[in-house]
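Undergrad: In my numbering, the protein residues as written are 679 to 983. C-beta: ideal position from N, C-alpha, C; glycine also. Since we're looking at a predicted model, the values are computed, not measured. First the structure, which I've put down as structure tokens, then a few questions once you've had a look.
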């Protein structure tokens, strides 16, 4: 399999697995969201630690851990990631899968705005148009829900801020995930201890099958991230950007067709407006990427003295 095909297959695999999460997390009930996230931290740490041993990448972990700046940034990333996990599990297990899908539809636009605010990046005109259209969509959905779509906005913001933290430090996927989970492992273990001490923990009381499902959350967390890292290294970011819409499309379909969540006309209109914004944003990104590729090709043909 050539590198590009491997990248595309890995990207589809990552986004498809993330798209199936609304079917996975309800299996972890009767655990509550806090217990699920705490187990996800602990078992991810263990699974990634074993993986790092197999592939002999502990040197990357030690290199990142020697930098106080890297550890501080990764700690911030871990906080945003845990918040994202907790909000997602709450959304899915409370019957709001459609709204969680909205969060990942608008996440690319939130990431663009973070680039403007934090890195003083300048948006192209069509990018501003896309952001404006998305703002209209949020207003429409606010009217439909009778409240701002807080779960969607929280998911988009937390994952956007997580991506921002990851942009500030260069660490590969597995070493980065290990350090992120290690930095919040003690609070996660404390949460589990308090829950079990108070009789609210389910790991040892809901059967061996339930315990195995909670343990599997480490594998379910790590594998899509590793597939994503494989894709990001082998295919253009424009392709990655197109593939990422697979996740919210699958989540939206699961919410509507599997769980039977309502999609009244006003809510559908809000989603359609979001999709229009994403179409404008994606078309502009692809056009810009092609123009850049043509410019680099012309520059490569110019002989150097």
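1) Could you tell me whether the Cβ of residue 953 comes closer than 8 Å to any Cβ of chain C?
2) Is residue 913 helix, strand or coil when you go by DSSP?
3) What residue does the alpha helix (DSSP H) around residue 936 start on, and which one ends it?
4) Give me the Cβ distance between residue 932 and residue 682, rounded to the nearest whole Å; I'm assuming they're in contact under 8 Å.
5) Are there 16 or more other CB atoms within 10 angstroms of the CB of residue 763, so buried, or fewer, so exposed?
6) Label residue 872 either buried or exposed according to how many other C-beta atoms from any shown protein chain fall within 10 Å of its C-beta, with 16 as the threshold for buried.
7) Leaving out the 5 sequence neighbours to the left and right, which residues in its chain are closer than 7 Å to residue 891 when beta-carbon positions are compared?
8) Name the residue from 927, 693 and 824 whose alpha carbon lies nearest to the alpha carbon of residue 900.
9) Give me the Cβ distance between residue 944 and residue 818, rounded to the nearest whole Å; I'm assuming they're in contact under 8 Å.
10) For residue 859, which residues from the same chain have a beta carbon less than 6 Å from its beta carbon, with the 5 sequence-adjacent residues on both sides left out?
11) With distances taken Cα to Cα, identify the nearest neighbour of residue 851 among 687, 737, 903 and 842.
12) Hey, out of 746, 711 and 782, whose CA is closest to residue 697's CA?
13) Apply the 10 Å Cβ neighbour rule to residue 883 and answer buried if 16 or more other Cβ atoms are within range, or exposed otherwise.
14) Scan the region 682-770 and note each continuous alpha helix (DSSP H) run of 4 residues or more that stays entirely inside, going in chain order.
15) Residues in the same chain with beta-carbon distance under 8 Å from residue 957, minus the five sequence neighbours each way, listed in chain order, please.
16) Do the region 744-752 and the region 835-848 meet, that is, are 3 or more Cβ pairs less than 8 Å apart?
17) So, at 7 Å on beta carbons, what are the nonlocal neighbours of residue 910 in its own chain, with the 5 sequence-adjacent residues on each side left out?
18) Could you give the residue range of the alpha helix (DSSP H) that holds residue 837?
19) If I follow the unbroken alpha helix (DSSP H) through residue 823, where does it start and stop?
20) Could you tell me whether the Cβ atoms of residue 834 and residue 771 are closer together than 8 Å?
21) Tell me which same chain residues have a C-beta within less than 7 Å of the C-beta of residue 715, skipping the five on either side of it?
22) DSSP on residue 877, reduced to helix/strand/coil?
23) Which residue's Cα is closest to the Cα of residue 712: 789, 740 and 874?
24) Please list, in chain order, all residues of the same chain as residue 843 whose beta carbon is under 6 Å from its beta carbon, the five residues on each side excluded.
25) Residues in its own chain within less than 8 Å of residue 868 by CB, not counting five upstream and five downstream?
26) Keeping to the same chain, check which residues put their C-beta closer than 8 Å to that of residue 937; ignore five residues upstream and five downstream.
27) Consult DSSP for residue 772 and reduce its assignment to one of helix, strand or coil.
28) Please report the straight-line C-alpha distance between residue 803 and residue 959, rounded to a whole angstrom.
29) Looking at the structure shown, is residue 941 part of a helix, part of a strand, or coil, going by DSSP?
30) With a Cβ-Cβ cutoff of 8 Å, do residue 853 and residue 717 count as a contact?
31) For the alpha helix (DSSP H) that residue 859 lies in, which residues bound it at each end?
TA: On the basis of the supplied data:
1) No chain C is part of this structure, which consists of one protein chain only.
2) coil
3) No alpha helix (DSSP H) holds residue 936; DSSP gives it neither H nor E.
4) That belief does not hold up - the Cβ atoms of residue 932 and residue 682 are roughly 30 Å apart, past 8 Å.
5) buried
6) exposed
7) 705 and 706
8) 693
9) 7 Å
10) 719, 722 and 723
11) 903
12) 782
13) exposed
14) 699-702, 711-733 and 736-743
15) none
16) yes
17) 918
18) 828-845
19) 803-823
20) no
21) 760, 763, 764 and 767
22) coil
23) 874
24) 751, 754 and 755
25) none
26) 700, 773 and 775
27) coil
28) 10 Å
29) coil
30) no
31) 851-861
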